[in-house]
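*Asks:* Mapping of the sequence shown onto this note's numbering: position 243 corresponds to residue 227, and the numbering continues sequentially without gaps. Ideal Cβ positions, reconstructed from N, Cα and C, are used throughout, including at glycine.
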Amino acid sequence: MKRSYYIQGLLVVVGLLALGSILARLDPKKAEATIYTLPKLPYAYNALEPYLDAETMKIHYSKHHQAYVDALNATLKNYPEIRKKPLEELLKNLDEVPQDIRTAVRDYGGGHYNHSFFWSVMGPQGQKKPSDAFQKLIDKHFGNFAQFKEKFTAAAKSVFGSGWAWLCLDKSGALVITTTANQDSPLSQGLVPLLCLDVWEHAYYLKYQNRRPDYIDAWWYVVNWQQVESNHKKAQRSLTSSKSNLP
Ligand code: MN
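#1: For A15, count neighbouring C-beta atoms within 10 Å of its own C-beta (all shown protein chains included) and say buried if the count is 16 or more, exposed if not.
#2: The alpha helix (DSSP H) with V53 in it runs from where to where?
#3: Mind listing which residues have their beta carbon within less than 6 Å of any non-hydrogen atom of ligand 1? Chain order is fine.
#4: What residue from R90, E185, E33 has the CA that sits closest to A202's CA?
#5: Using alpha carbons as the reference points, say which of K42, K24, P23, F118 lies closest to K191.
#6: Please report the residue range of the beta strand (DSSP E) in which P177 lies.
#7: Compute the Euclidean distance between the alpha carbons of D154 and V176, then round it to the nearest angstrom.
#8: In whole angstroms, what is the alpha-carbon distance linking D168 and K76?
#9: Going by the beta-carbon positions, is the gap between K141 and R196 smaller than 8 Å?
#10: Assign P12 to buried or exposed, taking buried as 16 or more other Cβ atoms, counted over all protein chains shown, within 10 Å of its Cβ.
#11: Give the straight-line distance between the Cα atoms of F136 and Y63, rounded to the nearest whole angstrom.
#12: Does the contact criterion of 3 or more C-beta pairs under 8 Å hold for the region 90 to 103 versus the region 41 to 60?
#13: Pick out whichever of A117, E72, L56, K69 has its Cα sitting closest to the Cα of T87.
#14: Hey, out of G145, L179, I19, whose CA is closest to V160's CA?
#15: Just to confirm my understanding: we take L223, look at its own chain, exclude 5 residues before and 5 after, and list those with CB closer than 8 Å. What are they?
Take a look at the structure:
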């Protein structure tokens, strides 16, 4: 008898704890201010082998990317109002971020955004070909796929020091290739990213050492074109809706 009371009591306590945790999640004040976390990597560390090695993926994701997430959280710790805004909005409007944390948001926020984006546009073999529809779009803007690849590769090779190569949608709806230094985001230049390549040495040094061109050549085998195309559709939709909102 005594034991069953004990179990009932225990169940009540567990129930209250569970309820408390649900209510805490529903509390709008707690839900609003974001605590940034690593996005789940959509594949295993070794899924992009032999092009991108598991050890590099592991360190890149769990150490480098995590460090940006931690630094971003530390930067915004005392800025609950800023943390209520989506990261993309912060990077699009850096001039609206308080000046004392603007550089940190650009670097750490950009680092978090760029890496999250980078993981999402890669995948194991099998998804590497653009669809016919997207291929036509590439042909329209760059002549053909080989010319697009050549231009993007040249851009990626040309980054001096640390940075990124990007395929973006500009405000006119055109596909453009661009590069950014450090962890700068094309969002800050009014562009919408569709595809990106990290050319920081930490992205390739373990396997390719100083051979950035070899890393770039290998990377083409793991581009997730389905995701790139879906990014383009989304970007195109938001462009169309923002145009129709113009006075
Ligand atoms: Mn990186």
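*Replies:* Considering the structure as presented:
#1: Because the pLDDT of A15 is 46, which lies under 50, any placement of that residue in the model is unreliable, and the question is left without a value.
#2: Looking at the DSSP string, the run of the alpha helix (DSSP H) that includes V53 is 50 to 59.
#3: With 6 Å as the limit, the residues whose C-beta approaches a heavy atom of ligand 1 more closely than that are H44, H48, H99, D182, W184, H186, A187, in chain order.
#4: Nearest C-alpha to A202: E33.
#5: Closest by alpha carbon: K42.
#6: Run containing P177: 176 to 182, per the beta strand (DSSP E) assignment.
#7: Straight-line Cα distance between these residues: approximately 7 Å.
#8: Here the alpha carbon of D168 sits roughly 11 Å from the alpha carbon of K76.
#9: With respect to the 8 Å criterion, K141 and R196 are classified as neighbours on the basis of their beta carbons.
#10: Note that P12 has pLDDT 48, beneath the 50 cutoff, so the model's placement of it is unreliable and the number below is only indicative. Within 10 angstroms of the beta-carbon of P12 lie fewer than 16 other beta-carbons, which makes it exposed.
#11: A direct Cα-to-Cα measurement between F136 and Y63 gives close to 38 Å.
#12: Counting C-beta pairs closer than 8 Å gives three or more between the region 90 to 103 and the region 41 to 60, which meets the contact rule.
#13: Ranked by how close their Cα comes to the Cα of T87, the residues A117, E72, L56, K69 have L56 in first place.
#14: Taking each of G145, L179, I19 in turn and checking the Cα distance to V160, the smallest one comes out for L179.
#15: Within the same chain, L223 has close Cβ partners L153, K155, G157, V176.
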